[in-house]
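**Q** Structure incoming, see below.
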Amino acid sequence: MNPETKQPIETRGKFLSTILFGSRWLQVPLYLGLIAAQVVYVFHFMIELEHLVVGTFTLSEEAIMLIVLGLIDVVMISNLLIMVIIGGYETFVSRLRLEGHPDEPEWLSHVNANVLKVKLATAIIGISSIHLLKTFINAPNLDEKVLLWQTVIHMAFIVSAVAIAYIDKLMPHPAKH
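Each residue of the sequence shown is one higher than the one before, starting from -10 at the first, in this note's numbering.
The following block contains the structure:
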């Protein structure tokens, strides 16, 4: 093996490795976009909350329940966004180095791609449950096919989450310290 030809190959390999490893930073604008989406959800939440407060004495119990379910839905989607933004950044871009920070979320201390998938699947089921509950409250005004398809889709989410959790359970996990 000629040492003169080996050096440029190693240099090219190191350069390629550096480019590939650095490409993870391309995800940062995506996470910033999700933060912007969360700002939109906060704005939407405030508008819905205003409708609830202004209509306190004029809205029916059913209308109040639907608005409250809508607020819960916005909060759950916001929680999902936080999990994706923080968990995704921590897992795929760079460590946040929050160890010992009093506000560090408990789940962040043991986040990895598999844990994130299970948490996301669970959050999606929660969001789907809220939508399904809103649909059933409004059932008399809806076509039976809408009720059926929303139920089928919700069940598909549940089956998918169980499958993800099962696969995660089969995967080897690092030993706890």
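Backbone N, C-alpha and C define an ideal beta-carbon position, used for all residues, glycine too.
What's the gap between the Cα of residue 5 and the Cα of residue 106?
**A** For residue 5 and residue 106, the distance between alpha carbons rounds to 29 Å.
**Q** Do residue 62 and residue 147 have their C-beta atoms closer together than 9 Å?
**A** Cβ atoms of residue 62 and residue 147: not closer than 9 Å.
**Q** What is the C-beta distance between residue 55 and residue 126, in whole angstroms, given that I count them as a contact (C-beta under 8 Å)?
**A** Rounded, the Cβ-Cβ distance is 6 Å, consistent with contact.
**Q** Go ahead and label residue 12 buried or exposed: buried means 16 or more other beta carbons lie within 10 angstroms of its beta carbon, across all protein chains shown.
**A** Exposed, because fewer than 16 other Cβ atoms sit within 10 Å of the Cβ of residue 12.
**Q** Which of helix, strand or coil does DSSP assign to residue 1?
**A** Note: residue 1 maps to helix in three-state DSSP.
**Q** Could you check how far apart the C-beta atoms of residue 121 and residue 140 are, in whole angstroms? I think they sit under 8 Å.
**A** Rounded, the Cβ-Cβ distance is 7 Å, consistent with contact.
**Q** Of the choices 44, 145, 51 and 154, whose alpha-carbon is the least far from that of residue 129?
**A** Nearest of 44, 145, 51 and 154 to residue 129, Cα basis: 51.
**Q** Using three-state DSSP, classify residue 46 as helix, strand or coil.
**A** Reduced to three states, the DSSP call for residue 46 is coil.
**Q** What residue range does the alpha helix (DSSP H) around residue 103 cover?
**A** 102 to 126 is the extent of the alpha helix (DSSP H) around residue 103.
**Q** Enumerate in chain order the residues of its own chain whose CB-to-CB distance from residue 112 is below 8 Å, with the five nearest sequence positions on each side excluded.
**A** Only 65, 68, 69 and 72 meet the Cβ criterion.
**Q** So for residue 95, helix, strand or coil by DSSP?
**A** Correct three-state label for residue 95: helix.
**Q** Could you tell me the boundaries of the alpha helix (DSSP H) in which residue 137 lies?
**A** From DSSP, the alpha helix (DSSP H) with residue 137 extends over 133 to 159.
**Q** What do you get for residue 75, buried or exposed, if any count of 16 or more other CB atoms within 10 angstroms of its CB means buried?
**A** The residue is buried, with at least 16 neighbouring Cβ atoms inside 10 Å.
**Q** Roughly how many whole angstroms lie between the Cα atoms of residue 15 and residue 1?
**A** When rounded, the distance between both Cα atoms is 22 Å.
**Q** Here's a check: name, in chain order, each residue in its chain whose Cβ is nearer than 7 Å to the Cβ of residue 38, leaving out the five neighbours to either side.
**A** For residue 38, where only same-chain residues beyond five positions count, the Cβ hits under 7 Å are 60.
**Q** Helix, strand or coil for residue 69? Go by DSSP, reduced to three states.
**A** Residue state, collapsed to three classes: helix.
**Q** Report yes if the CB atom of residue 44 is closer than 9 Å to the CB atom of residue 53, and no otherwise.
**A** Going by C-beta atoms, residue 44 is nearer than 9 Å to residue 53.
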